[in-house]
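**Q**
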Amino acid sequence: MWKLVIEDDEGKRTVVPLTRGEYTIGRREGSSIRLTERNVSRGHARLSRKEPTSTPIDGAEAGDRPKFVLEDMTSYNGVFVNGLRVTHAQPLDHGDLVQIGDYRIVLQDDSVTDSPSSIAGSSTVPGGGAGRAATLLDRPNRLVMLQGPTPGTEFPLDRERLMIGRAEDADISINHNSVSRLHCEVHALGDSRFELVDKGSSNGVRVNGADLQRGFVEPGDTIELGDVKFRFVGAGQIFRQESQRLAVVPDRVVDKHPANRSRITNALPLTVFALVALAGVAGAWTYARPRLKAMTPAPESSEEVLLREAKKFCTSDDCEAAHERVQSEIPEASRWRNSQDFKDIERQWAEVVLGRAGREPDSATKRALYQRVAQAMSVDAERRKLAADRLQDLDSSGRTVATDPMALPPMTVKPHPDDLLARPEASRKAAAPTGDAVVPLASAASSNHAAASVDDRVRQLALVGTTDSKVQLRQELEPRVYSGRASEAEVRLLISTCKDLSDKACVQQARAALKQVETASP
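In this note's numbering, the protein residues as written are 116 to 637.
1) Along the chain, where does the beta strand (DSSP E) containing G330 start, and where does it finish?
2) Check for me: the alpha helix (DSSP H) holding A465 runs from which residue to which?
3) Could you tell me which whole alpha helix (DSSP H) segments of length 4 or greater appear in the stretch 572-623?
4) Is the separation between the beta-carbon of L222 and that of H209 shorter than 8 Å?
5) Under the three-state reduction of DSSP, which class applies to T265: helix, strand or coil?
6) Which residues in the same chain have their Cβ closer than 7 Å to the Cβ of G335, if we skip the five residues on either side of it in sequence?
7) Quick check: V120 and I215, are their CB atoms within less than 8 Å of each other?
8) When the Cα of V468 is compared with those of V364, A496, E125 and C434, which residue comes out closest?
9) Beta-carbon separation of E310 and L277 under 8 Å?
10) Which residue from G395, D571, S295 and D211 puts its Cα closest to that of D366?
11) If you draw a straight line from the alpha carbon of R257 to that of P271, how long is it in whole angstroms?
12) Unbroken beta strand (DSSP E) runs of length 3 or more, entirely within the stretch 134-205: which are they?
13) Determine, using beta carbons only, whether L588 and V573 come nearer to each other than 8 Å.
14) Along the chain, where does the alpha helix (DSSP H) that runs through H438 open and close?
15) Taking the Cβ atom as the reference point for each residue, do N318 and S293 lie within a distance shorter than 8 Å?
16) Which runs of the beta strand (DSSP E) fall wholly inside the stretch 290-357 and span at least 3 residues, in chain order?
17) Would you kindly work out how many angstroms separate the C-alpha atoms of V441 and L421, rounded to a whole number?
18) Keeping to the same chain, check which residues put their C-beta closer than 6 Å to that of A639; ignore five residues upstream and five downstream.
19) Could you check if S443 is buried or exposed, using at least 16 other CB atoms within 10 Å of its CB as the buried criterion?
20) Among L150, V312 and E144, which one has its Cα closest to the Cα of R128?
21) Out of curiosity, what's the CA-to-CA distance linking L304 and P266?
22) If I follow the unbroken beta strand (DSSP E) through R482, where does it start and stop?
23) Do K585 and L616 have their C-beta atoms closer together than 8 Å?
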């Protein structure tokens, strides 16, 4: 029997037997295989089964087995097979790895192997690693050079301590004159956690654009040593070269032979002439520059291109993907957040969410939707106030949120950072597991930590959104969380607040508390 082994970014796996001729994959309700992460399009991909032309008999060759073909249905973030983006109908075979959003999917044929399947980064892919998926998923933590003398080169972080520098005897030797002989050191701390230490380099160490003397690095971070740039890729993750800008950077120009003073003296008349000529050229340029500038259109920035593309996908009934992309890829300090396109996308997203909340019959889900808009500082004040007023109306109504232990999502979904006060697990609905209906991907138990309402002080601090209010909000939440008195929503709110304050230690402690809350759930 053929089947798909699906794993999300939290390591939760689900097996889907392939018994039908065609499956639709996407976030839309009614999809054959529904993946609910927000980086999955509503109609993302289609998987078709192609039966063999001849009837299989004993001793039949592999060509007589059924074949599967995967197609990208013009998704926003694309479909990748064994690390390469799908641009046409892509045939699949046993052991192939498919990536859709944050999901990793392996196609498995039980007739090839009966061993248990696992697609975790440290496990073995079904079939004894016969396909490219096994090689890709077994890769260790590593640094991939994005910009430097050898772009695309991967450097595994497979030792407890690694020295990076220009010296030939360095563990990772980078032949570039902007890199010091002993530039920095990488310390392995376990559980895929690493510490980066600057060893007194001339040009310093930067992580995600910020100078760093000593600190932690995580998968996805960008590390710069002088003019050389790396991407930290976690174990089992796939680095897509086509989505990264790789560039060869030449050595810096260094004047090793400064001019002799006597030569400067002899060249003085020529220098004076050159300065006069340059002054004339500068005057002509000053005169002509406004006219040339008016005639030459300014090149588009990456943020401008991103906003234009995202605005095309922002419709009156689905603006989630566009909202997620501009929020994650346009920095908080960018001037493009004040542009009309950015404001239009956020306004349209807020109206879609408010509309969904108005039609939502479940009180807990309605509350979570209103909270998302009320706490989104990129949305205009009028719509945030409208969402806050609706929340107060819900609080004053005194209605009790009904919970149904059978109403569960088709797959466990990690809440988005905007979902500071997440909806209760027990209030979501799963697809019916009937013959041609949705294929359920996961089941879960109802949580006793579902959707406790936070008090007015915490809610008001969360709505203000300033740095001072976030510090006060953290001080208000930490005693509750670490004493075990906080609800799951309050723990997630603390995690989001610590992220906004750029306190990684606080984020890690709060995540540990969240795991205890989830573990304590029946």
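Note that CB positions come from ideal geometry on N, CA and C, so glycine has one too.
**A** Once the coordinates are examined:
1) From DSSP, the beta strand (DSSP E) with G330 extends over R329 to V332.
2) Where A465 is concerned, the enclosing alpha helix (DSSP H) stretches over Q455 to R474.
3) Within the stretch 572-623, the complete alpha helix (DSSP H) segments of 4 residues or longer fall at 582-597 and 603-615, listed in chain order.
4) Yes.
5) Coil.
6) Closer than 7 Å at the Cβ level, and outside the excluded window around G335, lie F347.
7) No, the Cβ-Cβ distance between V120 and I215 is not below 8 Å.
8) Taking only the C-alpha atoms, the option nearest V468 is C434.
9) No, Cβ-Cβ distance for E310 and L277 is not below 8 Å.
10) When only C-alpha atoms are compared, the closest one is S295.
11) Near 4 Å, if we compare the C-alpha coordinates of P271 and R257.
12) The qualifying runs are 137-141, 160-165, 182-187 and 194-196.
13) Closer than 8 Å, so yes.
14) Its alpha helix (DSSP H) spans residues E435 to E444.
15) Yes. Within cutoff.
16) Counting only runs of 3 or more residues that sit fully inside the stretch 290-357, the beta strand (DSSP E) segments are 299-305, 308-313, 320-322, 329-332, 337-340 and 343-348, in chain order.
17) In a straight line, the C-alpha of V441 is about 7 Å away from that of L421.
18) A query on residue 639 cannot be resolved here, the shown segment of the chain reaching from 116 to 637 and no further.
19) Around the beta carbon of S443, fewer than 16 other beta carbons lie within 10 angstroms, which makes this residue exposed.
20) The shortest Cα separation from R128 among L150, V312 and E144 belongs to L150.
21) Counting only the Cα atoms, P266 lies some 27 Å from L304.
22) From DSSP, R482 is part of no beta strand (DSSP E) but of the alpha helix (DSSP H) over S478 to A489.
23) One thing to note: K585 has its Cβ within 8 Å of the Cβ of L616.
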